[in-house]
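*Asks:*
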Amino acid sequence: MNADSEKKQNPGVDRPFVSVVVPAYNSPLRSAECIEALLEQTYPKNKYEIIVIDNGSTDNTPKVIKQYPVVFLAENTIKSPYAARNKGITHSRGEIIAMIDVNCLPVSNWIEEGVKTIESETADLVGGQVKFKFSDARTASELYDSVTNVQIERNIRERNVSKGGNLFVRRAVFDAIGLFPLSRSGGDVSWTRRATRSGLKLVYSPKALATYPARTLLPLIKKQYRVGRGQPFIWRDEGLGYAGLLLRKLVLFLPLLPSVLRKIIDERGTEEIKRLYNYQQSPGRNNRLIVKLWLASYLCNLATGIGAFISMPGVIFRKTK
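Numbering-wise (this note's numbering), the sequence shown opens with residue 443 and increments by one.
This is the structure:
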């Protein structure tokens, strides 16, 4: 059998092996939905593995995960999605590591498109598109979450960094710069920044798509607090001095102006989001929505500011070591 006929009979023969790494915590339903979506990928079945790492769940999440034909691991020592990802990466076999959050649902060709982009663009890392899903209530906090968080394309284009919730990485990248930092939110941003500053190529793939549920108010506030805990470390990595750190910390406690909120929605909100919220890009409209959005943004900013304030001593201590 020649090489061409072998490729026709076995189309996956030349495809790189992919390890899909999924951290999970107290999310039995989401774990099941995510795993089932991953099992139905168009990528050749013998060319990828699914590794799910439970990060100390206190419910039946591990039991649910073990019902599926996946590699199950447990990271109970360090409560961090980065520690869970690192454990999965360490036990993986793939030439390419595909990371996805357990709350994300990948489209059926997610692996296919991520691999296609990493190969066609001769890239080292690929950040995939994350599209927000909204509840029937369509709350202001969900809108705020969708236009301020994740923002994969904007982060890649403007900052040359990405989030780890939908990320494809060549194994050689981990060999070159190491695994994720463990102890804080924002470790994926710091890690991808280190990769790109080392000369590695990060690109965006709109077709490596996953959907993600926009957060309601309380989960969003908790998320922003975790983000705040990691912000001072990211700012330090960006080279800010003490004055810059202090200024940014103080700014976090300030509410956004309504005009700023309108601009954020105008620039970052997709047409679908604007339609869902009946948002009209004209003066004097959307006032009720903007008031609700302002309140959600202020509570989130307070949570972020408190988180950053608590982390500041650790940044200063690290600087003086």
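Note that CB positions come from ideal geometry on N, CA and C, so glycine has one too.
Give me the residue from Phe576, Ile538, Asp578, Asp587 with the minimum Cα distance to Val568.
*Replies:* As a position in the sequence shown, residue 568 is number 126, starting the count at 1. Of Phe576, Ile538, Asp578, Asp587, the residue nearest in Cα terms is Ile538.
*Asks:* Would Ile495 and Pro470 qualify as a contact pair, given that the criterion is a beta-carbon distance under 9 Å?
*Replies:* As a working note, residue 495 is residue 53 in the sequence shown. As a working note, residue 470 is residue 28 in the sequence shown. With contacts defined as CB atoms closer than 9 Å, Ile495 and Pro470 fail to qualify as a contacting pair.
*Asks:* Taking the alpha-carbon of Gly641 as reference, which of Leu744, Ala618, Gln571, Gly629 has the nearest alpha-carbon?
*Replies:* Position 199 of the sequence shown holds residue 641. Nearest option by C-alpha distance: Ala618.
*Asks:* Excluding the five sequence neighbours on either side, which residues of its own chain have a C-beta within less than 8 Å of the C-beta of Lys508, listed in chain order?
*Replies:* Position 66 of the sequence shown, counted from the start, is the residue given in the question as residue 508. Cβ neighbours of Lys508 beyond the five flanking positions: Phe514.
*Asks:* Would a C-beta distance cut-off of 9 Å place Ser461 and Gly530 closer than the cut-off?
*Replies:* Indexing the sequence shown from 1 puts residue 461 at position 19. Indexing the sequence shown from 1 puts residue 530 at position 88. Taking 9 Å as the Cβ cut-off, Ser461 and Gly530 qualify as a contacting pair.
*Asks:* Could you work out which residue in Ser739, Glu555, Leu609 is closest to Ile542 when comparing CA atoms only?
*Replies:* Residue mapping note: residue 542 aligns to position 100 of the sequence shown, counting from 1. Nearest option by C-alpha distance: Leu609.
*Asks:* Starting from Ile477, trace the alpha helix (DSSP H) both ways and give me its first and last residue.
*Replies:* As a working note, residue 477 is residue 35 in the sequence shown. 470-481 is the extent of the alpha helix (DSSP H) around Ile477.
*Asks:* How far does the alpha helix (DSSP H) with Pro523 in it extend, from its first residue to its last?
*Replies:* The sequence position of residue 523 within the sequence shown is 81, counting from 1. Run containing Pro523: 523-532, per the alpha helix (DSSP H) assignment.
*Asks:* Do the stretch 735-747 and the stretch 582-596 touch if we need at least three Cβ pairs shorter than 8 Å?
*Replies:* By the criterion of at least three beta-carbon pairs nearer than 8 Å, the stretch 735-747 is in contact with the stretch 582-596.
*Asks:* Assuming Ala750 and Gln666 make a contact with CB atoms under 8 Å, what is their CB distance in whole Å?
*Replies:* If you number the sequence shown from 1, residue 750 lands on position 308. If you number the sequence shown from 1, residue 666 lands on position 224. The Cβ separation is near 10 Å, so there is no contact.
*Asks:* Decide yes or no for the touch test of the stretch 694-713 against the stretch 553-564: beta carbon pairs closer than 8 Å, at least 3 of them.
*Replies:* no
*Asks:* Would Thr746 be called buried (16 or more neighbouring beta carbons within 10 Å of its own) or exposed?
*Replies:* Within the sequence shown, the letter at position 304 stands for residue 746. Classification of Thr746: buried, given that the 10 Å Cβ count is 16 or more.
*Asks:* Please classify Pro548: is it buried, with 16 or more other beta-carbons within 10 angstroms of its beta-carbon, or exposed?
*Replies:* Residue 548 sits at position 106 when you count from the first residue of the sequence shown. So Pro548 counts as buried.
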